[in-house]
Amino acid sequence: MRFDTKLIHGGQGPDPLTGAVNVPVYLSSTFAQSAPNRHKGYVYSRSANPTRTALESALAAVEEGAVGLAFSSGLGALATLLESIPSKSRIVADLDLYGGTWRLLEHHRRTFGVLTDYVDFTDLEQVRQAVAAGPAPAMVYAESPTNPLLRVIDLAASAKVAHARRSSFVVDNTFASPALQRPLTLGADIVLHSTTKYLGGHSDVIGGALVVRSKARGEKLRWLQNAVGAVPSPFDSFLVLRGMHTLGIRMRAHSAGAAAAVEVLDSSRKVRAVHYPGLASHPQHAVAARQMSEYGGMVSFELAGGMPAVRRFLRKLRIFTLAESLGGVESLVDHPASMTHASVPRSEREAHGVTDGLVRLSCGIEDPADLADDLRNALGSL
């Protein structure tokens with residue numbers, strides 16, 4: 000099946016019991032057994048639930064992996080993955096990461112002796128040196144495009160560097176979604192998602208996912224999924240599954256909205272820089288063109304005038320809503336330094352390019368012309 004067809008039918012046949020076309024929401028915490036340990040595949044909903052099984056099958060299908068695992072949040076997925084790493088292990092990660100990921104690596108896993116070395120993954124030689132230095136990393140971890148600077152990582156090349164030392168290569172694919180990019184086909188071992196974002200797509204559910212290329216590794220992580228217990232409810236699983244049905248159509252609309260926004264921002268003298276992989280001037284535009292089918296709905300830019308200009312700009316927006324998160328049908332605007340990346344110390348934040356003047360847009364599926372007008376009006380107030 001082609002991708003848009005797979006979104007609707009992959010792992011989601013009609014209910015075998017009733018013929019229901021939509022996957023039923025099995026709101027049951029436990030399941031009857033005909034005798035001790037004799038059952039129909041389901042015992043307790045933390046371990047497995049039919050609605051979650053359908054979601055996990057669909058996730059594996061669209062990411063072209065062997066095993067899909069659903070979680071109660073993206074950080075729940077990452078925390079469970081980190082449980083598979085022994086204490087005193089090493090991780091090599093990109094400099095540009097979601098603030099919650101950085102917080103988990105720095106303030107939690109260090110207490111278990113898991114240390115993370117951060118390098119610029121757009122410079123493959125830096126990655127190669129970091130992976131080669133010292134003991135082999137348990138994990139090489141990247142986002143692409145990154146949050147919030149929209150840098151693009153050469154996934155195939157990074158996978159080869161990781162595999163040279165038999166390290167797992169993990170890619171957070173939240174910003175692109177499998178509609179635009181499938182890292183497992185480029186050599187990644189595990190893909191991570193905050194399904195809260197594009198996969199759910201309607202700002203009404205919190206969820207996460209891991210999709211694993213190896214069935215054996217996937218089943219080990221399934222054991223941890225049950226042991227740790229950070230699983231989504233059946234209704235949350237249903238909401239993500241329903242959102243996935245329109246992912247292909249929505250991602251095309253998100254990309255069109257972002258292209259219209261970029262045209263306004265890139266032509267304004269009040270904007271110092273625009274970060275968007277679709278721009279020919281983007282440093283990794285050629286990599287993005289090679290490994291992504293479109294460039295997505297996320298845009299970051301720096302306003303001249305710093306925080307005072309940001310405050311005035313945000314007050315004038317009418318369609319873009321100031322809120323954390325991204326990937327919903329409605330357009331959102333975020334100030335990373337004070338919102339999504341506030342947990343990162345200012346010195347580190349600014350060294351990585353997350354300045355007070357940086358603004359992040361999640362372009363929704365509204366008419367692109369309306370999004371462009373909203374940005375044009377807000378910029379005009381500066």
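0 is the number of the first residue of the sequence shown in numbering that gives the first Met the number 0; add one for each residue after it. Glycine included, C-beta positions come from ideal geometry on N, C-alpha and C.
Burial state of residue i (16 or more Cβ within 10 Å)
i: MET0; result: exposed
i: ALA19; result: exposed
i: GLU218; result: exposed
i: HIS340; result: buried
i: HIS8; result: exposed
i: PRO85; result: exposed
i: ASN21; result: exposed
i: SER157; result: buried
i: GLN11; result: buried
i: ASN146; result: buried
i: ASP235; result: buried
i: GLU323; result: exposed
i: GLY242; result: buried
i: GLU55; result: buried
i: SER28; result: exposed
i: ARG221; result: buried
i: ARG249; result: buried
i: PRO15; result: exposed
i: HIS106; result: exposed
i: ARG51; result: buried
Separation of residue j from residue i, as counted between CA atoms
i: GLU13; j: VAL91; result: According to the sequence provided, residue 13 is Pro. The question's Glu does not apply to it. Each residue's Cα considered, the two are about 43 Å apart.
i: LYS5; j: ARG181; result: 14 Å
i: HIS192; j: SER280; result: 28 Å
i: VAL151; j: PRO233; result: 34 Å
i: VAL239; j: GLY200; result: 8 Å
i: ASP3; j: GLY326; result: 18 Å
i: SER44; j: ALA308; result: 50 Å
i: GLY186; j: ASP369; result: 39 Å
i: GLY67; j: PRO177; result: 13 Å
i: LEU94; j: VAL42; result: 42 Å
i: ARG108; j: SER266; result: 43 Å
i: PRO282; j: GLN128; result: 21 Å
i: GLY133; j: GLY98; result: 26 Å
i: LEU77; j: PHE174; result: 16 Å
i: PRO35; j: PRO23; result: 26 Å
i: SER330; j: ILE318; result: 7 Å
i: ASP116; j: ALA31; result: 48 Å
i: LEU154; j: GLY296; result: 20 Å
i: PHE300; j: ARG271; result: 7 Å
i: VAL130; j: HIS244; result: 39 Å
i: THR320; j: SER337; result: 16 Å
i: TYR294; j: ALA288; result: 8 Å
i: ALA208; j: PHE70; result: 6 Å
i: ALA303; j: ASP122; result: 28 Å
i: VAL160; j: SER167; result: 10 Å
i: ALA65; j: ALA57; result: 11 Å
i: VAL211; j: HIS162; result: 15 Å
i: LEU114; j: VAL286; result: 29 Å
i: ARG375; j: HIS334; result: 18 Å
i: PRO367; j: ALA255; result: 7 Å
Candidates the options: closest to residue i by CA position
i: ALA226; options: ALA155, SER46, SER202; result: SER46
i: ARG311; options: GLY379, VAL160, ASP366; result: GLY379
i: HIS399; options: VAL273, GLY277, LEU148, VAL113; result: What the structure shows of the chain is the stretch from 0 to 381, and residue 399 is not part of that stretch, so it cannot be assessed.
i: LEU179; options: GLY352, ARG251, GLY40; result: ARG251
i: ILE364; options: ASP119, ALA34, GLU349, GLY247; result: GLY247
i: GLY73; options: PHE120, VAL230, ARG249; result: VAL230
i: GLY75; options: VAL61, LEU104, ALA53, ALA57; result: LEU104
i: LYS214; options: ARG37, ALA59, LEU54, SER28; result: ALA59
i: GLU347; options: VAL118, MET243, LEU302, PHE237; result: VAL118
i: TYR197; options: THR110, VAL328, VAL210; result: VAL328
Contacting residues, own chain, Cβ-Cβ under 6 Å from residue i (five flanking each side not counted)
i: THR195; result: ILE205, GLY206
i: ASP171; result: GLU142, LEU191
i: PRO49; result: TYR25
i: ALA137; result: ILE84, SER88
i: TRP101; result: VAL343
i: SER292; result: LEU179
i: PHE120; result: ASP93, VAL126, ALA141, ILE152
Residues near residue i by beta carbon distance below 7 Å, same chain, minus five either side
i: GLU63; result: ARG181, LEU183, THR184
i: LEU223; result: THR79, GLU82, SER83
i: LEU316; result: VAL332, ASP373, ALA377
i: HIS351; result: LEU94, ASP95
i: ALA53; result: GLY10, GLN11, VAL22, LEU240
Residues near residue i by beta carbon distance below 8 Å, same chain, minus five either side
i: GLY305; result: THR354, ASP355, GLY356
i: VAL298; result: LEU149, ALA257, ALA260, VAL261, LEU264, VAL273, HIS274, TYR275, ARG359, LEU360, CYS362
i: VAL169; result: LEU80, MET138, VAL139, TYR140, ALA141, ALA187, ASP188, ILE189, VAL190, LEU191
i: ALA38; result: It is His, not Ala, that sits at residue 38 in the sequence shown. Cβ within range, chain order: PHE30, ALA31, GLN32.
i: ARG165; result: ALA135
i: GLU124; result: none
Complete beta strand (DSSP E) runs within the segment 97-181 (minimum length 3 residues, chain order): Inside the segment 97-181, DSSP marks whole beta strand (DSSP E) runs of 3 or more residues at positions 114-118, 138-142, 167-171, from first to last along the chain.
Whole runs of the beta strand (DSSP E) within the segment 190-247, excluding any shorter than 3 residues: Listed in chain order, the complete beta strand (DSSP E) runs (minimum 3 residues) inside the segment 190-247 are 207-211.
Any alpha helix (DSSP H) of 4 or more consecutive residues that is wholly inside the segment 283-363: Within the segment 283-363, the complete alpha helix (DSSP H) runs of at least 4 residues are 284-290, 305-315, 345-350.
Beta strand (DSSP E) runs contained entirely in the segment 4-74, provided each spans 3 or more residues: Those beta strand (DSSP E) runs which fall completely within the segment 4-74 and span 3+ residues are 66-70.
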